[in-house]
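Going by my numbering, the letters in the sequence shown line up with residues 368 to 625, in that order. The C-beta atom is built at its ideal place from N, Cα and C for all residues, glycine as well. Notes follow once the structure below has been shown.
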Amino acid sequence: MAYDNILVETKGGVGIITLDRPEALNALNSALIADVGQALDGFEADENIGCIILTGSAKAFAAGADITEMAPKSYMDVYREDFITANWERVSQCRKPIIAAVAGFALGGGCEMAMMCDFIIAADNAKFGQPEINLGIIPGAGGTQRLTRFVGKSKAMEMVLTGHMMTAEDAERAGLVSRVVALDDLMEETLAAAEKICKLSQPMVMIAKECVNRAYETTLAEGVRFERRMFHSTFSTEDKAEGMAAFLEKRTAQFKHR
Ligand code: HXC
């Protein structure tokens, strides 16, 4: 399938989506968001895909929602079309693991889209920001909520209220990204992480992801209860039997994803 605004490829069990609107620093317009949604649908339906990478260019992961597209819209336009809610949430609804490989600018909706992924590996030139306040709006794809959960109130407030950008190093220190790598190594390092995940039991990875995400949605007691139930359920699987047998027999597990 050919897309106008993204490049889609697979490397083994890894599905890679590269945002590709270089003329606008990968600004996220509705056509691009639709493309990302379709590519994710394809990867989720393909049982050979165990992990997805979302990335951009060396200069920009994405410089935000497309301002040219937003400028003429009125309140009634965005309300009636359910702007953002209609299709942006697809990334956060992905059941398979999805890693953001971020180089360059991840601003506004770009930062928000990276935060919808399961974890972020950043190149040393990455810059994260929520500069919407400069445009007379506020973040609208979860920026005030997810960023605050990642970096805490003070740093989130400074970024949201002033448009201050965080460097990759600051982002790692604040817990926004899992680690920082040299720009030239970004895809190699991210692919290595994705390939590691692909070798594991796909349903266990999906259950683990669901459990971690539950931590954002519930109390500690309820979250632990949910985890315990899911943990018990993993004992019913062929992959649990294989994983433990392989350990005891000192061999590599051959998971069947069942
Ligand atoms: C549309 C954009 C864009 C955007 C950059 N471009 N960001 N077009 N929407 N968000 C375009 C520029 O207009 C320009 O096009 C080209 O990309 C290159 O950008 P330059 O500004 O020339 O590059 P540079 O000088 O390197 O500056 C990079 C930059 C700057 C600092 C990232 O482009 C910038 O501030 N962009 C806007 C960032 C932003 O405000 N993001 C939040 C958007 S609101 P031409 O045709 O002139 O060459 C948002 C709302 C989220 O995201 C709410 C829900 C999702």
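With distances taken from CA atoms, which of A620, A588, D552, A427 is nearest G476?
Ranking A620, A588, D552, A427 by Cα distance to G476 puts A427 first.
Which residues does DSSP pair with E376 in a beta bridge?
E376 is bridged to I383.
Determine the extent of the beta strand (DSSP E) in which F486 is found, giving its start and end residues.
Unbroken beta strand (DSSP E) run through F486: 486 to 490.
If you draw a straight line from the alpha carbon of E525 to that of A489, how long is it in whole angstroms?
Roughly 21 angstroms between the two C-alpha positions.
Do you know how far the Cα of I451 is from the Cα of M507?
Checking the sequence, you will find Gly at residue 507 rather than Met. Distance between the alpha carbons of G507 and I451: 7 angstroms.
Which value, in whole angstroms, describes the spacing of the CA atoms of G509 and F593?
C-alpha separation (whole angstroms): 24 angstroms.
Which residue comes first and which comes last in the alpha helix (DSSP H) that contains T601?
From DSSP, the alpha helix (DSSP H) with T601 extends over 587 to 601.
Taking contact to mean at least 3 C-beta pairs separated by less than 8 angstroms, is the stretch 404 to 411 in contact with the stretch 435 to 448?
Contact fails: fewer than three Cβ-Cβ distances are below 8 angstroms.
For F472, is the beta carbon positioned less than 7 angstroms from some heavy atom of the ligand HXC?
Yes, Cβ of F472 sits closer than 7 angstroms to a heavy atom of the ligand HXC.
Assuming T557 is part of the beta strand (DSSP E), what are its boundary residues?
Taken as a continuous stretch (DSSP letters only), T557 belongs to no beta strand (DSSP E), being part of the alpha helix (DSSP H) at 553 to 565.
Looking only at its chain, what residues have a beta carbon closer than 6 angstroms to the beta carbon of K607, apart from the 5 residues adjacent to it on each side?
Closer than 6 angstroms at the Cβ level, and outside the excluded window around K607, lie T601.
Any idea what DSSP makes of C418, helix, strand or coil?
In this structure, C418 counts as strand in the three-state DSSP scheme.
By the 10 Å Cβ neighbour count, where 16 or more other Cβ atoms means buried, how is K463 classified, buried or exposed?
K463 is buried by the Cβ-count criterion.
Just to confirm, is the Cβ distance from M480 to L553 under 8 angstroms?
Going by C-beta atoms, M480 is not nearer than 8 angstroms to L553.
Buried or exposed: where does I505 fall if 16 or more other Cβ atoms within 10 Å of its Cβ makes it buried?
Exposed: under 16 other Cβ atoms inside 10 Å.
Find the nearest neighbour of T385 within the set S424, E411, P498, judged by alpha-carbon distance.
Looking at the Cα atoms, S424 is the closest of the given residues.
Per the DSSP calculation, G496 is bridged to which residue(s)?
BP columns for G496 point to L474.
For P498, which of I466, M533, I465, M483 has the nearest alpha-carbon?
It is M533 whose Cα lies nearest to the Cα of P498.
Could you compute how far the alpha carbon of N448 sits from the alpha carbon of N454?
Reading the sequence as shown, one finds Glu at residue 448 and not Asn. Distance between the alpha carbons of E448 and N454: 10 angstroms.
For the candidate residues K378, P389, G380, T377, whose alpha-carbon lies nearest to that of D371?
Selected option, being the one with the closest Cα: P389.
If you check the beta carbons only, do E628 and F598 fall under 8 angstroms apart?
As shown, the chain starts at 368 and ends at 625. That puts residue 628 outside it, with no answer to give.
Compute the minimum distance between the beta carbon of L528 and the heavy atoms of the ligand ADP, and state whether it is under 7 angstroms.
In the structure shown, the ligand ADP is absent; the only ligands present are the ligand HXC.
Exposed or buried, which one is F614 when buried takes at least 16 other CB atoms within 10 Å?
F614 should be labelled exposed.
Applying the 10 Å Cβ sphere with the 16-neighbour rule, what's the burial state of S603?
By the neighbour-count rule (16 or more Cβ atoms within 10 Å), S603 is not buried but exposed.
For L502, which residues does DSSP report across the bridge?
The partner list for L502 (beta bridge, DSSP) is empty, contrary to what the question assumes.
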